[in-house]
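> In short: position in the sequence shown from 1, add 38, done, that's this note's numbering. Don't be surprised by glycine CBs; every beta carbon is placed ideally from N, CA and C. Small disclaimer: the values here were computed from a predicted structure and weren't measured. Below is one structure. I have some questions about it.
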Amino acid sequence: MPCSLRVSSDPRRPGDPREDVRDLEDLLDTTQSGWRDVLIRHQYLPCIEALGTLPTAAGGGFAGRPGPRVPGIYVAGDWVGEEGFLMGASVAGALRAAELALDDGALEWGEMAASAAR
Ligand SMILES: Cc1cc2nc3c(=O)[nH]c(=O)nc-3n(C[C@H](O)[C@H](O)[C@H](O)COP(=O)(O)OP(=O)(O)OC[C@H]3O[C@@H](n4cnc5c(N)ncnc54)[C@H](O)[C@@H]3O)c2cc1C
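Below is the structure:
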């Protein structure tokens, strides 16, 4: 049975990944004693990013994030655009980037459909 545990830390104050894994294993020892005997595979991903940019009030909140149109390219991601948070921002930004590319004539529907099918 897959089991997933995580620690979410403030990116401005990263903790010690070795301490985090010890805390997580201690938690499992307390709640699922014997887990080590049935362990098949263990994967630890220290310091993975859950969010590209933290929208802060000082940075203008969601509206302070850059738009999808950057000179020469269109960008999407959870740090882009005024709409949504996390995956919602990525999808909203991707739709907006595609709309802009179509409006600007940088992309045609046929091209977009072909690349989506790939
Ligand atoms: C543990 C965890 C739980 C989460 N839970 C939620 C949730 O419940 N709900 C939610 O909305 N969001 C959640 N998120 C956040 C969500 O996963 C991100 O907001 C979202 O994936 C960001 O999408 P993205 O396209 O901006 O970036 P990513 O999904 O990170 O995609 C970037 C892609 O670019 C690739 N890449 C990076 N560098 C290069 C390079 N140099 N060349 C080529 N490719 C490259 C990467 O391999 C990756 O595939 C979670 C994140 C984590 C880590």
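Note down the Cα distance separating residue 140 from residue 146, rounded to an integer number of angstroms.
Spanning the two alpha carbons is a distance of roughly 6 Å.
> Which residue from 77, 82, 64 and 78 puts its Cα closest to that of residue 55?
Selected option, being the one with the closest Cα: 82.
> Using the DSSP secondary-structure output, state which residues sit across from residue 177 in a beta bridge.
Past the boundaries of the shown model lies residue 177; the chain is included only from 39 to 156, so the question cannot be answered.
> Exposed or buried, residue 98, counting other C-beta atoms within 10 Å across all chains shown (16 or more means buried)?
Exposed, since its Cβ has fewer than 16 Cβ neighbours within 10 Å.
> Specify the secondary structure class of residue 140 as computed by DSSP and reduced to three states.
Reduced to three states, the DSSP call for residue 140 is helix.
> Can residue 116 be considered in contact with ligand 1, in the sense that its beta carbon sits closer than 7 Å to one or more heavy atoms?
Yes; taking the cut-off as 7 Å, the Cβ of residue 116 has a heavy atom of ligand 1 nearer than that.
> If I measure Cβ to Cβ from residue 119 and keep anything under 7 Å in the same chain, skipping five residues before and after, which residues do I get?
The answer, listed in chain order, is 103, 105, 106, 127, 130, 131 and 134.
> At the level of alpha carbons, what is the spacing between residue 194 and residue 49?
The shown model of the chain, from 39 to 156, leaves out residue 194, and the question about it has no answer.
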